[in-house]
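Structure first, commentary second.
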């Protein structure tokens, strides 16, 4: 699955997870720090990333605001995991 | 989506809070009311209920409580209030609508206004854990769930295929204590009642209510090594073990009439799969007493599953658990880092995350017990 396909799938799912984005600035929009996605939406985002990486993710080992706050950040994370690299920074 | 309003709990809101809390606590309205009253009105640390309520068009759609918790850290320093946000419920109609974030912000702002610089949580489920980490909470450590399953007896292994086909037989075998259940395990402990202890002049008794004064006295006698731990005085112990959704048994070790060890075990009411009882606190004046308490509990109770958090025991207690067959369990939750101790600061300034000078983000600085958590 190419980065563009993943991006389109994610853009299609974000409204279902509670994140309303302007089409123009979707890539720059903050998803988590802004509170656009919370609670069950975060859970669904986690499950989607797990499906794309094929691995269970320990959420405490992810720097949410640095790694998952934007669409490009999430796509970069998935690419790193697929290439066998871990998280760039731990949350604590 | 309608605008959201957030407000503090007042007693007039109790009926609607009970209705929403039923999603989390119990479908039974009376049990849920009892749970609410026990947790937020009877807590000896703070008898003023602190809960935050979110309404949409006047209807309650979200809530979160702030449970008062008093911790000691360092040597000869006054205890510090570090509350524990809990009972996070959002109505299904309002999930993904910003209620969780609003509640989180409100909890932190109010905690800061009350002068509580830090908050902690030891029982977050996955959704609350995600919401917390996304809001900047720090994970200190995972709790390392260990289980010791007991293989059912020969009689039950031969009867169970037949019993499984009949509701009447299921009820009958449960009443007779044949089927493996946590209730049956507690009945087995109760039948033992009392036996010899680790030494000739000592005894072990099984009791259903905590001898709070003696437990608190033992904790005081054993001393405090300066790590961060919850204050376990008699008043708190007496309150804490009245959790309406849990039932407890205590194995008390006494020598010459003085308590020198105890093991507290919890079962869930009503029973839930996998029928796990859990060691929620364990203190003893010697390894020999600690080991005897654990061995007797496992042997007498024959629990379907007896669990413990590896993060809450000393290295010697961990060896005792290993020798008795406790092994890492709950692999899916474990892979997601659950359960875990998480902490945050209420004012955005962690000031080094120091509690009476103890670095809170270092896992070795905590002396944890399951009873500090609402899992206990």
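Chains as they are written, first to last, in my numbering: chain A, 1 to 92; chain B, 93 to 468.
By construction, the Cβ of each residue, glycine as well, lies at the ideal position given by its N, Cα and C atoms.
None of the values given here were measured: they were computed from a predicted structure.
Can you check whether the C-beta of residue i is within less than 7 Å of a C-beta belonging to chain B?
i             : result
residue 48/A  : no
residue 181/A : With chain A covering only 1 through 92, there is no way to say anything about residue 181/A.
residue 74/A  : no
residue 18/A  : yes
residue 84/A  : no
residue 92/A  : Interpretation of residue 92/A is limited by its pLDDT of 37, a score under 50 that renders its predicted location unreliable; no figure is taken from the coordinates.
residue 12/A  : no
residue 81/A  : no
Listing by chain order, which chain B residues have their CB less than 8 Å from the CB of residue i?
i            : result
residue 56/A : 424, 427, 428
residue 32/A : 226
Along chain A, which residues have their Cβ under 7 Å away from the Cβ of residue i?
i             : result
residue 223/B : 38, 39, 42
residue 182/B : 39
Can you confirm whether residue i, when its beta carbon is compared against all beta carbons of chain A, has any partner nearer than 7 Å?
i             : result
residue 219/B : yes
residue 151/B : no
residue 231/B : yes
residue 187/B : yes
So residue i is in the beta strand (DSSP E); what residue range does that whole segment cover?
i             : result
residue 85/A  : Where residue 85/A is concerned, there is no enclosing beta strand (DSSP E), given that its DSSP letter is neither H nor E.
residue 423/B : From DSSP, residue 423/B is part of no beta strand (DSSP E) but of the alpha helix (DSSP H) over 423 to 427.
residue 178/B : 176 to 182
residue 64/A  : First-last for residue 64/A: 64 to 67, but that is the alpha helix (DSSP H), not the beta strand (DSSP E).
residue 437/B : 432 to 437
residue 397/B : 397 to 401
Identify the continuous alpha helix (DSSP H) that holds residue i and give its terminal residues.
i             : result
residue 4/A   : 3 to 13
residue 48/A  : 40 to 53
residue 326/B : 326 to 332
residue 413/B : 407 to 415
Show which residues of chain B have a CB atom less than 9 Å away from the CB atom of residue i.
i            : result
residue 25/A : Going along chain B, no residue has its Cβ under 9 Å from residue 25/A, so there is no contact; the nearest lies around 20 Å.
What residues from chain B crowd round residue i, counting only those whose CB sits closer than 7 Å?
i            : result
residue 35/A : 190, 193
Mind listing the chain A neighbours of residue i? Cutoff is C-beta to C-beta under 8 Å, in chain order.
i             : result
residue 432/B : 60
So is residue i in contact with chain C if we call contact Cβ pairs under 7 Å?
i             : result
residue 220/B : The structure shown contains no chain C; its protein chains are A and B.
Checklist entry - Does the pairing of the segment 161 to 171 of chain B with the segment 109 to 128 of chain B give three or more beta-carbon distances under 8 Å? => result The segment 161 to 171 of chain B vs the segment 109 to 128 of chain B: no contact.
Next on the checklist: Taking 8 Å as the cut-off, does the segment 229 to 236 of chain B touch the segment 448 to 462 of chain B (at least 3 CB pairs, one atom from each stretch)?
Outcome noted: yes
Item to check | Start-end ranges of the alpha helix (DSSP H) lying completely within the segment 97 to 122 of chain B, minimum 4 residues | outcome: Counting only runs of 4 or more, we get 106 to 113.
Next on the checklist: What ranges does the beta strand (DSSP E) occupy inside the segment 189 to 273 of chain B, keeping only unbroken runs of at least 3 residues that lie completely in it?
Outcome noted: Segments of the beta strand (DSSP E) lying fully in the segment 189 to 273 of chain B: 210 to 213, 230 to 234, 237 to 241.
Item to check | beta strand (DSSP E) runs contained entirely in the segment 340 to 387 of chain B, provided each spans 3 or more residues | outcome: Complete beta strand (DSSP E) runs here, min 3: 350 to 360, 368 to 376.
Checklist entry - What residue ranges within the segment 118 to 166 of chain B form continuous beta strand (DSSP E) runs of no fewer than 3 residues, ordered along the chain? => result 143 to 148, 151 to 159, 162 to 164
Next on the checklist: Check whether the segment 432 to 444 of chain B and the segment 367 to 387 of chain B touch, using three or more Cβ-Cβ pairs below 8 Å as the test.
Outcome noted: no
Next on the checklist: Threshold first: 4 residues or longer. Then list the alpha helix (DSSP H) segments lying entirely within the segment 283 to 320 of chain B, N to C.
Outcome noted: Along the length of the segment 283 to 320 of chain B, whole alpha helix (DSSP H) runs at least 4 residues long occupy 304 to 314, reported in chain order.
Checklist entry - Three or more C-beta pairs closer than 8 Å, one from the segment 252 to 263 of chain B and one from the segment 214 to 225 of chain B: is that the case here? => result no
Checklist entry - Does the pairing of the segment 183 to 195 of chain B with the segment 136 to 150 of chain B give three or more beta-carbon distances under 8 Å? => result yes
Next on the checklist: Does the contact criterion of 3 or more C-beta pairs under 8 Å hold for the segment 274 to 285 of chain B versus the segment 327 to 338 of chain B?
Outcome noted: no
Checklist entry - Does the segment 339 to 347 of chain B come close enough to the segment 291 to 300 of chain B to have 3 or more Cβ pairs within less than 8 Å? => result yes
Next on the checklist: Between the segment 11 to 22 of chain A and the segment 201 to 215 of chain B, can you find at least three pairs of beta-carbon atoms closer than 8 Å?
Outcome noted: no
Checklist entry - Per the contact definition of three or more C-beta pairs closer than 8 Å, is the segment 346 to 362 of chain B in contact with the segment 380 to 396 of chain B? => result yes
Next on the checklist: Does the segment 171 to 178 of chain B come into contact with the segment 425 to 433 of chain B, if we say contact requires no fewer than three beta-carbon pairs (one atom in each stretch) closer than 8 Å?
Outcome noted: no
Checklist entry - Do the segment 368 to 376 of chain B and the segment 393 to 402 of chain B touch if we need at least three Cβ pairs shorter than 8 Å? => result yes
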